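Chemist:
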Amino acid sequence: MAELNVIAASEAGAEVTLATADDGAGDSFENDGRTMLEIENSTGGEVDVTVKGQRNCNYGEKHDLVLTVADASTKVYGPFDPHWFNDGQGQAHLEYSAAGLTLAPIKV
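Numbering of the sequence shown is given in our numbering, commencing with residue 234 and proceeding in unit increments.
1) Quick one: Cα of I339 to Cα of E271, how far?
2) Using beta-carbon positions only, say whether S261 and Q324 come within less than 7 Å of one another.
3) Which residues share a DSSP beta bridge with F313?
4) Please classify E248 as buried or exposed, where buried requires at least 16 other C-beta atoms within 10 Å of its C-beta.
5) Counting only the same chain and skipping the five closest in sequence on each side, list residues whose C-beta sits under 8 Å from that of G278.
6) Can you tell me which of V239, R267, V284 puts its alpha carbon nearest to the alpha carbon of K295?
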């Protein structure tokens, strides 16, 4: 699992460099509740990105958030509530249904 570098947005602008998703092990990023996720899909098909739930709800279940990205599109999702999606080190964890995505976490 690779840790993605969070890009800090600013009034002056920020250069967004997309990283290749680690489709085998998944990825993580530091999540402060103000971080968005830009995902670009050029895989040839629809891909799901799963943000793994880390805490149980009132019914004792963890709920993952599945983000669907159509082929040849770029989507921005988030922010992600740290209470539900962060592990003990402040990281949100991602899994992918296919290889070939590029993405970047962007702190706003």
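Backbone N, C-alpha and C fix where the C-beta goes; we use that ideal spot for every residue, glycine too. Predicted, not measured: the structure shown is a model, and the values here were computed from it.
Modeler: Quick look at the numbers:
1) Looking up residue 339 in the sequence shown gives position 106. Looking up residue 271 in the sequence shown gives position 38. CA-to-CA, the gap between I339 and E271 works out to about 7 Å.
2) The sequence position of residue 261 within the sequence shown is 28, counting from 1. The sequence position of residue 324 within the sequence shown is 91, counting from 1. Cβ distance < 7 Å, so S261 and Q324 count as in contact.
3) Taking the sequence shown and counting its residues from 1, one reaches residue 313 at position 80. Per DSSP, none; premise fails for F313.
4) On the sequence shown, residue 248 is found 15 positions in, with the first residue counted as 1. Classification of E248: exposed, given that the 10 Å Cβ count is below 16.
5) Looking up residue 278 in the sequence shown gives position 45. In chain order, D304, A331 place their CB closer than 8 Å to the CB of G278, counting only its own chain and leaving out the 5 sequence neighbours on each side.
6) In the sequence shown, counting from the first residue as 1, residue 295 sits at position 62. Distances from the alpha-carbon of K295 to those of V239, R267, V284 put V284 closest.
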